[in-house]
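Note that our numbering gives residue 347 to position 346 of the sequence shown, counting from 1, and the numbers run on in steps of one.
The block underneath contains the structure these notes are about, expressed in structure tokens.
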Amino acid sequence: MFATTAATHPRSLSTIVLALALPAFAGCGRATDLQTLPAAQAEEPRTATGRPTAPTRTSRRTFDETTTLVVTGRPYVDTLELPGVTLRGVETTDVMAKIGGYVETIGQVDGRDIDIGTYVTPETMLAVLQVPELEAERHQKAAAVAAAEAAVEQVRARVEQVGRQMIVREAEIRQAEAARAEKEALIALRRAELRRLERLAEDGAIEPELLDEARYALAAAEAAARAVEADVHAAQARHAAARADLEAARADLAAAQADLQVAEAERKRLEELLAYRNIRPPFPGVVTARNVDRGAFVQPAQQNSAAQPLFTITRTDLLRAIVYAPAAVAPKLEVGQAAVLDQITGLPGVRIATTVARVNAALEARSRMLRIECDVRVPAVDLDTGVQVKRLMPGQFARLTVKIRSWEQLPIVPTTALLTDDAGRSFVVLAGEEGPRRQRVQVVFNDGVEAGIAEGLQVGQRILRNPARDY
Numbered sequence: 002m003f004a005t006t007a008a009t010h011p012r013s014l015s016t017i018v019l020a021l022a023l024p025a026f027a028g029c030g031r032a033t034d035l036q037t038l039p040a041a042q043a044e045e046p047r048t049a050t051g052r053p054t055a056p057t058r059t060s061r062r063t064f065d066e067t068t069t070l071v072v073t074g075r076p077y078v079d080t081l082e083l084p085g086v087t088l089r090g091v092e093t094t095d096v097m098a099k100i101g102g103y104v105e106t107i108g109q110v111d112g113r114d115i116d117i118g119t120y121v122t123p124e125t126m127l128a129v130l131q132v133p134e135l136e137a138e139r140h141q142k143a144a145a146v147a148a149a150e151a152a153v154e155q156v157r158a159r160v161e162q163v164g165r166q167m168i169v170r171e172a173e174i175r176q177a178e179a180a181r182a183e184k185e186a187l188i189a190l191r192r193a194e195l196r197r198l199e200r201l202a203e204d205g206a207i208e209p210e211l212l213d214e215a216r217y218a219l220a221a222a223e224a225a226a227r228a229v230e231a232d233v234h235a236a237q238a239r240h241a242a243a244r245a246d247l248e249a250a251r252a253d254l255a256a257a258q259a260d261l262q263v264a265e266a267e268r269k270r271l272e273e274l275l276a277y278r279n280i281r282p283p284f285p286g287v288v289t290a291r292n293v294d295r296g297a298f299v300q301p302a303q304q305n306s307a308a309q310p311l312f313t314i315t316r317t318d319l320l321r322a323i324v325y326a327p328a329a330v331a332p333k334l335e336v337g338q339a340a341v342l343d344q345i346t347g348l349p350g351v352r353i354a355t356t357v358a359r360v361n362a363a364l365e366a367r368s369r370m371l372r373i374e375c376d377v378r379v380p381a382v383d384l385d386t387g388v389q390v391k392r393l394m395p396g397q398f399a400r401l402t403v404k405i406r407s408w409e410q411l412p413i414v415p416t417t418a419l420l421t422d423d424a425g426r427s428f429v430v431l432a433g434e435e436g437p438r439r440q441r442v443q444v445v446f447n448d449g450v451e452a453g454i455a456e457g458l459q460v461g462q463r464i465l466r467n468p469a470r471d472y
């Protein structure tokens, strides 16, 4: 009977088979679309043939507890482990010689010659150089200073002498001017007497000889006045000459003082140059290299490629932890992030807290990695035991773990609930009252079993447990 029915109605049988196959095929198509199509297409409800459903038709689908889950959360700290840390002194310098000479002595600390491992301070004398030619030149400069000082004193005495002469010349001028005033008064007197006698002579009251005597007296007074006037001019000329001598003496004094300053500057330059015989460290630290012995000839560092450092000094009270981070995680690193230093060479189990102190603003040109630095005080404190750690030293290797971010309740989902689109973006499918909806998320970790969601999802939301299978 069924065979007859099938033979009699072949179109109806094909329709039934197609109707049974389409739901399963349509379900598989939706799961595939969610993983491969863009967000706008995956979220749009479609029919079994792939066409969008009409707005008036419903594409909602209900899900039970077996196909959905409520997002839970737990505390989580996002960290970044950076191996290959190198510890270096925050300051390291090669102590060079500014002047050439022979090593006369090597400094001592606690009765022993300074050598590698010796702790020194800026007051410590590392070495003393012997430079005989500079010593002789210093004596020459000292003699030049003494000669310049004597010249200054000599010219200063001349200035004082000419100054006293100026006082004398000024007195002579005043005396000549006083004599001129006296002569002018005498001329006025003689003129008055002459006029009086001329009136008496007109009346015939006196002898003509008296009138002649008055005229001669006036002429003598005028001649005396002219002589005094000449004395005044002579005194003024001597005063002007004395003033010129004074100005010249003062100019000579200024020149002598300038010569003295030059001589003193030369002597000071030699003394400062000779001060470089004493080799001292620029900062407190430990001697990590000593390259000279007594009697060795030291070449100056100025424009001399053959010059070698006498000592190498490194600060050990503050170390610089240097590490390079891959470019992929470089945007996560910033100054001030908490970090832990561990796996230190020779110090197993020791963990030291620090912070990111410096982050380079550019990747290294060759390695394309980002340099970051942390400062470590010595002695440090072990995080686990609280014991001081004093055996930190430049050259040790370690690992740095940087705390990027922490959550009190980080949303956690199973990895089966997490899908990825063609652009590599992660998303989950929300199971809301209005139907499933794609939600883009930012994954902070994925261990293959669970994934932590940093952004895009909150604790308490309901999502599909396995959208690739159930939707």
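Yeah, the Cβ is synthetic: ideal placement off N, Cα and C, and Gly gets one too.
Runs of alpha helix (DSSP H) with 4 or more residues, each lying fully within the stretch 157 to 245, are absent.
The beta carbon of Ala128 is closer than 7 Å to those of Val104, Thr106, Ile107, Gly108, Ile280, Val293 and Leu311 in its chain, skipping five residues each way along the sequence.
Residue state for Ala149 is assigned as helix, using DSSP reduced to three classes. For His140, the number of other beta carbons within 10 angstroms of its own is below 16, and it is reported as exposed.
Within the same chain, and ignoring the five residues on either side of Ala226 in sequence, the residues whose Cβ sits closer than 8 Å to its Cβ are Arg181, Lys184, Glu185, Leu187 and Ile188.
With a 10 Å radius around the Cβ and a threshold of 16 neighbouring Cβ atoms, His234 comes out exposed. Closest by C-alpha distance to Ile314, out of Val287, Gly164, Leu334 and Arg295, is Val287.
The beta carbon of Glu456 sits closer than 8 Å to the beta carbons of Val442 and Gln443 from its chain, once the five residues preceding and following it are set aside; these are given in chain order. Among the bridge pairs identified by DSSP, Asp114 is matched with Gln109. Assigned with DSSP and collapsed to three states, Leu135 falls in helix. Bridge pairing for Lys404: Thr80 [DSSP].
Within a 10 Å sphere around the beta-carbon of Thr386 sit fewer than 16 other beta-carbons, which makes this residue exposed. Partner residues in the beta bridge of Gln389, as assigned by DSSP, are Val382. About 5 Å separates the beta carbons of Ile100 and Tyr277, which is inside the 8 Å limit, making them a contact pair.
The alpha-carbon separation between Gln389 and Thr355 amounts to approximately 14 Å. Taking every protein chain shown into account, the CB of Leu201 has fewer than 16 other CB atoms within 10 angstroms, so this residue is exposed. Excluding five sequence positions before and after Glu199, the CB atoms of its chain that fall closer than 7 Å to its own CB belong to Leu212, given in chain order. When the Cα atoms are used, Thr69 and Val78 turn out to be separated by approximately 27 Å. Across the structure, Gly118 and Arg359 are spaced so that their CA atoms are roughly 29 Å apart. When only Cα atoms are considered, Phe298 and Thr125 end up about 21 Å apart. Cβ atoms of Leu401 and Cys375 come within 8 Å of each other, at about 7 Å.
One Cα belongs to Gly461, the other to Leu411, and the distance between them is close to 11 Å. Pairing Thr94 with Pro380, the inter-Cα distance amounts to about 22 Å. Under the DSSP assignment, Ala469 falls in the alpha helix (DSSP H) whose first and last residues are Pro468 to Asp471.
Residue pairing by DSSP places Arg438 opposite Leu431 in a beta bridge. Distance between Gln344 and Phe398, taken at the CA atoms: about 8 Å. In the three-state reduction of the DSSP assignment, Ala329 falls in the helix class.
For Asn447, the uninterrupted beta strand (DSSP E) segment begins and ends at Gln443 to Asn447. Assigned with DSSP and collapsed to three states, Asp95 falls in strand. Between the alpha carbons of Ala362 and Glu92 lies a gap of roughly 21 Å. Per DSSP, the unbroken beta strand (DSSP E) holding Val360 starts and ends at Ile353 to Val360. Ranked by how close their Cα comes to the Cα of Ala179, the residues Ala236, Glu214, Leu384 and Glu138 have Ala236 in first place. Check the Cα spacing between Leu81 and each of Glu365, Ala137, Gln338 and Pro395: the tightest is with Gln338. With respect to the 8 Å criterion, Val121 and Leu458 are not classified as neighbours on the basis of their beta carbons. Leaving aside the five residues that flank Val110 on each side, the residues in its chain whose CB is nearer than 8 Å to its CB run, in chain order, Thr119, Tyr120, Val121 and Thr125.
With contacts defined by Cβ atoms closer than 8 Å, Val403 and Ala418 do not form a contacting pair.
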